Amino acid sequence: MKYMPKDNSHHVFYDHSQKRWRNSRRTMAALGAFLISIFIATIIGIIIRPIFPQPKIAEPRSFFRATPDSPKNNEAQAAVPLAAVDTYQKLTLAKSARASEKVASRMMAFYVNWDDNSFRSLEENIDSIDELIPEWLHLGKKPGTFFLDDETRQAETLNFIGERKPEIRIAPLINNFDPETQSWDGVKVAELLKNNAARSQLIASIIKFISENNFQGVNIDFENIPDEQQNNLVLFMKELSGAAKPLGIEVSQDIPLDDDSFLVRSLADYADFLVLMAYDEYVPGSSSAGPVASQKWYNNGIAKNFSQIPSEKYVVAIGNYGYEWAGQEIAGKELTFQETMRVANLSGSKITLDPETGNTAFSYWDNSNVLRTVWFLDAVSAFNELVSAQKIGNPQGWALWRLGSEDPSIWNVFRRRDKLNKETADKLQALDYGYDVMYEGEGEILKVIESPKVGQRGITYEENSGFILESTIIEIPHSYVISRWGAAAPGEKKVALTFDDGPDPKITPQILDILKEKGVSATFFTIGLNTNLNPGLVQRAYNEGHEIGNHTYTHPNIEKISSQQLRLELDANSASLRELSKENQCCSVRRIRKISNRNHPRKCARLNIPAIWDFIPSRCMSTLKIGIVPAQKP
Numbered sequence: 002m003k004y005m006p007k008d009n010s011h012h013v014f015y016d017h018s019q020k021r022w023r024n025s026r027r028t029m030a031a032l033g034a035f036l037i038s039i040f041i042a043t044i045i046g047i048i049i050r051p052i053f054p055q056p057k058i059a060e061p062r063s064f065f066r067a068t069p070d071s072p073k074n075n076e077a078q079a080a081v082p083l084a085a086v087d088t089y090q091k092l093t094l095a096k097s098a099r100a101s102e103k104v105a106s107r108m109m110a111f112y113v114n115w116d117d118n119s120f121r122s123l124e125e126n127i128d129s130i131d132e133l134i135p136e137w138l139h140l141g142k143k144p145g146t147f148f149l150d151d152e153t154r155q156a157e158t159l160n161f162i163g164e165r166k167p168e169i170r171i172a173p174l175i176n177n178f179d180p181e182t183q184s185w186d187g188v189k190v191a192e193l194l195k196n197n198a199a200r201s202q203l204i205a206s207i208i209k210f211i212s213e214n215n216f217q218g219v220n221i222d223f224e225n226i227p228d229e230q231q232n233n234l235v236l237f238m239k240e241l242s243g244a245a246k247p248l249g250i251e252v253s254q255d256i257p258l259d260d261d262s263f264l265v266r267s268l269a270d271y272a273d274f275l276v277l278m279a280y281d282e283y284v285p286g287s288s289s290a291g292p293v294a295s296q297k298w299y300n301n302g303i304a305k306n307f308s309q310i311p312s313e314k315y316v317v318a319i320g321n322y323g324y325e326w327a328g329q330e331i332a333g334k335e336l337t338f339q340e341t342m343r344v345a346n347l348s349g350s351k352i353t354l355d356p357e358t359g360n361t362a363f364s365y366w367d368n369s370n371v372l373r374t375v376w377f378l379d380a381v382s383a384f385n386e387l388v389s390a391q392k393i394g395n396p397q398g399w400a401l402w403r404l405g406s407e408d409p410s411i412w413n414v415f416r417r418r419d420k421l422n423k424e425t426a427d428k429l430q431a432l433d434y435g436y437d438v439m440y441e442g443e444g445e446i447l448k449v450i451e452s453p454k455v456g457q458r459g460i461t462y463e464e465n466s467g468f469i470l471e472s473t474i475i476e477i478p479h480s481y482v483i484s485r486w487g488a489a490a491p492g493e494k495k496v497a498l499t500f501d502d503g504p505d506p507k508i509t510p511q512i513l514d515i516l517k518e519k520g521v522s523a524t525f526f527t528i529g530l531n532t533n534l535n536p537g538l539v540q541r542a543y544n545e546g547h548e549i550g551n552h553t554y555t556h557p558n559i560e561k562i563s564s565q566q567l568r569l570e571l572d573a574n575s576a577s578l579r580e581l582s583k584e585n586q587c588c589s590v591r592r593i594r595k596i597s598n599r600n601h602p603r604k605c606a607r608l609n610i611p612a613i614w615d616f617i618p619s620r621c622m623s624t625l626k627i628g629i630v631p632a633q634k635p
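Those letters in the sequence shown? Residues 2 to 635, by my numbering.
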């Protein structure tokens, strides 16, 4: 039985008027409102983009000047002007004598390890690719051997393919290109072809590599072959095909569009298909600058090859890149489509389709007052090339040389390769900016100076002929443009000391003591959690003249988090650093782990802060005598 008081008395703290309760309630409400306001202010401070101070370094800029007229090539074949439709229609497009009914075309793409943008393009376009031809094998120094090109990148690529599109066919390419000399080694391939034992050894090694990796085919790309070894090339293909076909391995071979030394009819007897390399009419080293694949040169080459063997035995490889020549020199360099757009943008050049060749070209004066000429292939030239080839015959498929160098809008052509009409042509008007991040200047301090912008292309499509007759780039696209600073002058020796992941209560004070004793400044890239646990150390480093950098708040793997989370990571740490320094002192970000060049600026660009980038290669560390911080990781 509960005890019940016999009177109406209350406990000693009872307030009959309840005045104390009302006051307490007001106080708690005020305190709650205060805490909520602090929380909201903190969140706003993190979410709203902070304003960071910028290094006082002049931004490198180019001063290219456009020429008034597009370049001409006097040595080029007298191509039929695209503008003259009636004349163009009279061009003899010799039909393949043994062409069958139209076949469903396959889409292939060449892939390379040595350009990160090749992987970027694969990421974006893999769903449109039926078969990948990766340049993964090179002939070895000893006849009958080969070596793998960048096994780490191969593994990364295969992992990606396994996750995204495991059903894609893969046919690794083997060639006689020497990565060390950057040249095609005709001697090496000749020694292979004339040696029976070497041929057998190489074929056995190829079959083993393809079978062990469950690939579907192999692509042979031997170039600069001496004429006297052409018969042995046919013998090699016969032997390779004999070993491959019983195992269901598809064999293909690359041949130039206009090289009569290749025994095309004999090679076609053994290869499942031949890849016509329909590009490189003019290359660096030619007698002059000229189109990469003029329309008439292309038409004549396609017609000639399709007349020799059935067109469905061919896959036509379309080039999409450019070349640049300087002054009167015949030497030059290759440019990706994105690089041509960057140069054109800096020089203010007008970019139009040359009606005489069907290629695009422009000229400009560089900073040294040297006249430079650029010829390149793009989505418009690819559209016309596919139309021409389909008027001549029915190729088995198409291949792109190469992923990473192309005009991104070319995929609108490839995806609609069986519907090359006005609707497809109109899709080329939007001009994407490409896969790469462009750089200006040299050094390890980076800042985004331009953000991506989609360009615009003017198109004139002629319904009767089915060709794009005119094309002008109205607005040039560009990707992120990164300005680089801080490179030492030639011959100048400089070392920049940086310390990551701190501050650490044990190690950081020792480092600061040594730096102070030696009169050396450094940069400390701090983690936000550590900053809040050791604010005094950050304050000390700042007061002693050291730079403070942002290394995120929790040190996540940037490749595995979203751009929004990265922004919150950086902003939260920046808020802590600003509070300690009482000003916007932090002005740089340090990358984390092995994040790739293409992702870091894309994720950090909108923050408008510089980034500290590269590190000293390990091969150089042995030459540096840095004794002021032994046993510590710079």
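All C-beta atoms, glycine included, are put in the ideal place defined by N, C-alpha and C. Remember, it's a predicted structure, so these values are computed and weren't measured experimentally.
Buried or exposed by the 16-neighbour rule on C-beta atoms within 10 Å, applied to residue i
| i | result |
| --- | --- |
| Arg343 | buried |
| Asp408 | buried |
| Val381 | buried |
| Asp379 | buried |
| Glu124 | exposed |
| Ala304 | buried |
| Glu132 | buried |
| Asn640 | Any property of residue 640 remains undetermined from this structure, which presents the chain solely from 2 to 635. |
| Lys495 | exposed |
| Ala98 | A caution first: Ala98 carries a pLDDT of 40, below 50, which makes its placement in the model too unreliable to give a value. |
| Phe263 | buried |
| Phe468 | buried |
| Gln296 | buried |
| Arg21 | exposed |
| Asn114 | buried |
| Gln339 | buried |
| Pro180 | exposed |
| Asn531 | buried |
| Lys314 | buried |
| Val482 | buried |
DSSP three-state assignment for residue i, whether helix, strand or coil
| i | result |
| --- | --- |
| Tyr481 | coil |
| Val521 | coil |
| Val539 | helix |
| Ala80 | Caution applies to Ala80, whose pLDDT of 39 falls short of 50 and renders its modelled position unreliable; the value that the coordinates give is listed next. Residue state, collapsed to three classes: coil. |
| Ile127 | helix |
| Tyr365 | strand |
| Leu510 | Inspection of the sequence shows that residue 510 is occupied by Pro rather than by Leu. In the structure shown, Pro510 sits in a helix (DSSP, three-state: H, G or I). |
| Val381 | helix |
| Gln586 | The predicted position of Gln586 is uncertain, since its pLDDT is 49 and thus under 50; no value can be drawn from it. |
| Asn118 | helix |
| Ile226 | coil |
| Arg373 | strand |
| Asp437 | coil |
| Lys189 | helix |
| Ser253 | strand |
| Lys142 | coil |
| Glu424 | helix |
Terminal residues of the beta strand (DSSP E) in which residue i lies
| i | result |
| --- | --- |
| Arg458 | Gly456 to Glu463 |
| Tyr315 | Tyr315 to Gly320 |
| Thr473 | Phe468 to Glu476 |
| Lys495 | Counting along the chain, Lys495 falls outside any beta strand (DSSP E), and DSSP gives it neither H nor E. |
7 Å Cβ cutoff met for residue i and residue j
| i | j | result |
| --- | --- | --- |
| Ala400 | Ala318 | yes |
| Gly398 | Ser119 | no |
| Glu282 | Ala294 | yes |
| Phe237 | Arg200 | yes |
| Met278 | Asp260 | no |
| Gln309 | Val265 | yes |
| Tyr436 | Ser122 | yes |
| Thr1 | Thr473 | Because the chain here runs from 2 to 635, residue 1 falls outside it and cannot be looked at. |
| Thr527 | Gly546 | no |
| Ser688 | Asn551 | The requested residue 688 is not part of the displayed model; the chain covers only 2 to 635. |
| Asp228 | Glu251 | no |
Unbroken alpha helix (DSSP H) run spanning residue i, endpoints
| i | result |
| --- | --- |
| Thr158 | Glu152 to Arg165 |
| Asn531 | Gly529 to Leu534 |
| Arg416 | Ile411 to Arg416 |
| Asn301 | Gln296 to Gln309 |
Original post:
So does the region 440 to 457 actually touch the region 355 to 366, counting three or more Cβ pairs closer than 8 Å?
Top reply: no
Original post:
Are the region 402 to 420 and the region 320 to 327 in contact at 8 Å, needing three or more beta carbon pairs?
Top reply: yes
Original post:
Between the region 145 to 153 and the region 202 to 209, do at least 3 Cβ pairs fall closer than 8 Å?
Top reply: yes
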